[in-house]
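Some notes on the structure that comes next.
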Amino acid sequence: MKTAQAPSSASPAPRPARAAARPFIHAVEAVPDDAGRQRLRWQDAAGSAHEVLWRSESGAPAPRRMVLAGDEVTADQTYRWACEGTALLWTGDFHNARQLLQALARRQERAASRPAAAAKAGGAAAPLYPDAFHLYRKNQAQRSRILGMVLLPLSADYQLALRRAPDVAAACADAYGPASAGASDSWVSLREIQGLIGAYEWHRKGVPVAAHGLAAGPHARRGLRHRHRLGRDRRRAGRAGCAACGGD
Numbered sequence: 001m002k003t004a005q006a007p008s009s010a011s012p013a014p015r016p017a018r019a020a021a022r023p024f025i026h027a028v029e030a031v032p033d034d035a036g037r038q039r040l041r042w043q044d045a046a047g048s049a050h051e052v053l054w055r056s057e058s059g060a061p062a063p064r065r066m067v068l069a070g071d072e073v074t075a076d077q078t079y080r081w082a083c084e085g086t087a088l089l090w091t092g093d094f095h096n097a098r099q100l101l102q103a104l105a106r107r108q109e110r111a112a113s114r115p116a117a118a119a120k121a122g123g124a125a126a127p128l129y130p131d132a133f134h135l136y137r138k139n140q141a142q143r144s145r146i147l148g149m150v151l152l153p154l155s156a157d158y159q160l161a162l163r164r165a166p167d168v169a170a171a172c173a174d175a176y177g178p179a180s181a182g183a184s185d186s187w188v189s190l191r192e193i194q195g196l197i198g199a200y201e202w203h204r205k206g207v208p209v210a211a212h213g214l215a216a217g218p219h220a221r222r223g224l225r226h227r228h229r230l231g232r233d234r235r236r237a238g239r240a241g242c243a244a245c246g247g248d
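Numbering (UniProt numbering), first residue to last: 1 to 248.
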């Protein structure tokens, strides 16, 4: 006669964690159009074809590979992709993209400082001019290339369809020209968008000069440079903005 076995008090073995799905890396083909601009063609995971315009005021080359990713991606993974020449087309929160860019900059700074630290630990002398200058330029070029791998999708009317994204329409129109009918969507790096916003604000408000209580306008009217007057002088004069250009 078989006796009943007492239930085991041991907890069941935990199930192994499921490995995260590997992101799909899309091949990107750059094709020049009649206006000399680069148009990028790629296919999504379902096989649908897409075409966008590549925008880069600095003349940076278009990416050859791209990964669609958002808030779930890590800075370490993005840094590895960027070092391999794979761009990240951001689909998540705009402010998280800014934090990701800062994390990439920190990783690049650490990577650039390792050879010098190793040489110093080994007793080697620090490089002198011009070697030090060339090394600095090399590190800066590498930093610019890696940080330029975080891309944003920009609509034809200069809108960013991302959570908490700022309104960049005016800044883009100032740099790229007014949005025209029939224009296509584009890709642009996050660093370029940040630069466009900063340049537009300087153009609109001027650069404050605290010693004179003025703001030097970076743009000119009729060949003459002028200055925006700041708050106190502007209110005293009863003006809403600069008389020459209408800027604040």
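Every residue, glycine too, gets a C-beta built ideally from N, C-alpha and C.
Computed from a predicted structure; not experimentally measured.
Boundaries of the beta strand (DSSP E) around T86: T86 to W90. In the three-state reduction of the DSSP assignment, A105 falls in the helix class, which pools H, G and I. The beta carbon of G177 lies closer than 8 Å to none in the same chain, with the five residues before and after it left out. Counted as a single uninterrupted DSSP element, the alpha helix (DSSP H) harbouring R143 occupies residues D131 to L147. In summary, S48 is exposed, with fewer than 16 beta-carbon neighbours lying within 10 Å of its beta-carbon over all protein chains present. In this structure, the alpha-carbon of S186 lies about 25 Å from that of A105. With a cutoff of 8 Å on beta-carbon distance, A62 and Q38 are scored as near each other.
Of the residues assessed, R191 falls on the buried side of the cut-off, its CB having 16 or more other CB atoms within 10 angstroms. G195 sits in a helix when the DSSP states are folded into three classes. Annotated as distal: V150 and L160, with beta-carbon spacing of 8 Å or more. Excluding its 5 nearest sequence neighbours in each direction, A82 has C-beta neighbours in its own chain below 6 Å: I146 and M149, listed in chain order. Distance between R64 and P23, taken at the CA atoms: about 16 Å. Taking 8 Å as the cut-off, the Cβ atoms of L196 and A181 do not count as close. By the Cβ-count criterion, T78 is buried, with 16 or more other Cβ atoms from all chains shown falling within 10 Å of its own Cβ. Counting along the chain, A75 sits inside the alpha helix (DSSP H) bounded by residues A75 to C83. L53 is positioned such that its CB atom lies closer than 8 Å to that of S184. Counting other Cβ atoms within 10 Å of its Cβ, V209 stays below 16 and is therefore classed as exposed. Note that the C-beta distance between L68 and L101 is not below 8 Å. Y200 sits away from A179, with the two beta carbons spaced by 8 Å or more. Excluding sequence positions up to five before and after H26, its CB lies within less than 6 Å of the CB of W42 and M66, all in the same chain and listed in chain order. In the structure shown, Q43 falls within a strand segment according to DSSP collapsed to helix, strand and coil.
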